[in-house]
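Enquirer: Chains as they are written, first to last, in our numbering: chain A, 37 to 198; chain B, 1051 to 1356. The structure is given below, and queries will be raised subsequently.
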Amino acid sequence: MNMSSRLKGILIGVVILFVAVLLAETLIVKVQTTSVRKEPKFYSPVLATLKAGETVTQISSQAGWFRVRTSQGVEGWIHSCAVQTKSFTLAAMDKSFKTQATAEEVALAGKGFNKQVEEEYKSRNKELSFAEVDRMLLIIVQPEELRKFLENGRLGEFGGPR
Amino acid sequence: MKSSRMKSMVLIGGAVTLAVFLMTCSTVQEQMGTITGGKVTTSDVQTAAKITKAVRNSFADITEEEEYYIGRAVSAMILSRYPVYKDEALTQYVNYVGNATVIHSDRPETYAGYHFLILDTEEVNAMAAPGGFIFITKGLLKRCRNEEMLGCILAHEVGHVRAKHGLQSIKKSRLIDAFTIIGQEAAERYGPEKLVKLTDIFEEVLGDIAGTLIERGYDRKYEYEADKLSVHIASQTGYDVNGLLDFLETMVDDTSTESGKGWFKTHPSAKDRIGRVEKEISSLATVPSEKTERTDRFQNAMKALN
């Protein structure tokens, strides 16, 4: 290998590295909690749980799901609607960048209509049933229960070819 | 010659890539610094306010967390009007059916997830508050003859959440006012004056949504859109989407509650909807069929109502 081709190799490597850095998307969790799952299915075993504002690196994508790596090094699947792209990709250079950054700022800072506003609203409207809303939030369907429900009812992937 | 041209192309390419990358990063750093990091100066706040005013200007810019707090308050209003039907097994069953459709929609996760509740009233109605709080009345449950019908009705409500129809009923001017205040305030908590103003707007926002959801009903086009989404979500789930037609058919000949509360007041005429739903169903490659396993468990769960 002569000097020139080695240099070429290094340069190509550097370019590939930069392109890879640019393409590797960092995703921010935008829902209260979400799960990193073994397979791209809601009733697949949970490998890690993430909270709003936490970030993951996207590895690949498939029909509404992202394969991601968490900061702890866990790799698994996360649904695309639970995350948003952190805005430092090339796409961020256009006008839409500002929208993303600002919505991001508000979300990350927990600003806007938040708990503090709700408290003030509650103090003005004491007759409202927030306690019932809190009880409603406790009704949760566990992934394994949902899988059984689908399977017993021959729904979703258990419904056979359509 | 060829080699040196290639080398310089690679060099230029690398330099451009690096420059773009660094520029983008520094811009992000600058933008993020205004609210999330370090000391915030007055000019930073003004910048943030300007950006916010310029860019957060529609329902689509409402964050997931904001949508959740709006949905909570709308639900509190609904639950102050209607008592909850407290049958755990039936509520759980409705949540299974609802969540089966949720995971086959393209918005399967919201800030705090989807939750379904039965309202203890003979009124025939179903409502979806922003963020995934979904209500179905006992009266409507009684109209369902099988899980297919229930699945289609819940998929219709999931469709309203998915398409953010509740948030779309907020008057734009209120959002602009709210976004401006939110953009100006950089501190962690709102000061008393800002809090009062923002809560005033929050109340107006809730008034817009509750007025639509509970009193007047959505614009027809949103109901048609939710029907369309229902056909697709329910068929993806594996339900016989003719269940939606079966349900609408029961509403056509029903005059007992026509001028009454609930469904008839807040939904366009069933006849109008049937034609559109039929057309949508005909566009599907295959339509899943009713399964006895499902009908059996439906009847079992519904025993509680009799």
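Where a beta carbon is used, it is the ideal one built from N, C-alpha and C, also for glycine.
Sort Ala1320(B), Lys1188(B) and His1282(B) by Cα distance to Lys1353(B) and report the nearest one.
Expert: Of the candidates Ala1320(B), Lys1188(B) and His1282(B), the one whose C-alpha sits nearest the C-alpha of Lys1353(B) is Lys1188(B).
Enquirer: Between the beta-carbon of Ala1284(B) and the beta-carbon of Thr1151(B), is there less than 8 angstroms?
Expert: Taking 8 angstroms as the Cβ cut-off, Ala1284(B) and Thr1151(B) qualify as a contacting pair.
Enquirer: Who are the Cβ neighbours of Ser1125(B) in its own chain at under 7 angstroms, not counting the five residues just before and after it?
Expert: These residues qualify, in order along the chain: Ala1179 and Phe1183.
Enquirer: Using 8 angstroms as the limit for Cβ to Cβ distance, is Arg1224(B) near chain A?
Expert: By this cut-off, Arg1224(B) is not an interface position.
Enquirer: Please classify Asn1196(B): is it buried, with 16 or more other beta-carbons within 10 angstroms of its beta-carbon, or exposed?
Expert: Looking at its Cβ environment, which holds 16 or more other Cβ atoms inside 10 Å, Asn1196(B) is buried.
Enquirer: Identify each residue in the segment 1260-1293 of chain B for which the Cβ-Cβ distance to at least one residue of chain A is less than 7 angstroms, and report them in chain order.
Expert: Those would be Thr1287 and Gly1288, in chain order.
Enquirer: Leu1190(B) and Ser1108(B) - do their beta-carbons sit closer together than 8 angstroms?
Expert: It is not a contact, given that the beta carbons lie outside the stated cut-off.
Enquirer: So for Glu163(A), helix, strand or coil by DSSP?
Expert: In the structure shown, Glu163(A) sits in coil (DSSP, three-state: anything other than H, G, I, E or B).
Enquirer: Which residue's Cα is closest to the Cα of Tyr1132(B): Arg105(A), Glu168(A) and Thr62(A)?
Expert: Considering only alpha carbons, the answer is Glu168(A).
Enquirer: Taking the Cβ atom as the reference point for each residue, do Ala118(A) and Glu1159(B) lie within a distance shorter than 8 angstroms?
Expert: Result yes, Cβ atoms of Ala118(A) and Glu1159(B) sit closer than 8 angstroms.
Enquirer: For the beta strand (DSSP E) containing Gly112(A), name the first residue and the last one.
Expert: That run of the beta strand (DSSP E) goes Glu111 to His115.
Enquirer: I'd like the span of the alpha helix (DSSP H) that includes Val1147(B), first residue to last.
Expert: Here the alpha helix (DSSP H) through Val1147(B) covers Glu1138 to Val1152.
Enquirer: At the 8 angstroms Cβ level, is Arg1195(B) part of the contact set with chain A, yes or no?
Expert: It does not; no Cβ of chain A falls within 8 angstroms.
Enquirer: Distance check for Gln152(A) and Gly1148(B), CA to CA, integer angstroms please.
Expert: Each residue's Cα considered, the two are about 31 angstroms apart.
Enquirer: May I ask you to report which of helix, strand or coil DSSP gives Gln98(A)?
Expert: Gln98(A): strand per DSSP, three-state reduction.
Enquirer: If we define contact as Cβ-Cβ less than 8 angstroms, is Ala1150(B) a contact residue for chain A?
Expert: It does: the Cβ of Ala1150(B) has a partner Cβ on chain A nearer than 8 angstroms.
Enquirer: What separation, rounded to the nearest whole angstrom, lies between the Cα atoms of Leu1298(B) and Thr62(A)?
Expert: Cα to Cα, the separation comes out at about 45 angstroms.
Enquirer: If we define contact as Cβ-Cβ less than 8 angstroms, is Asp130(A) a contact residue for chain B?
Expert: Confidence in Asp130(A) is poor, its pLDDT being 44 and thus under 50, which makes the residue's placement unreliable; the coordinate value appears in the next sentence. No, because no Cβ of chain B sits closer than 8 angstroms to the Cβ of Asp130(A).
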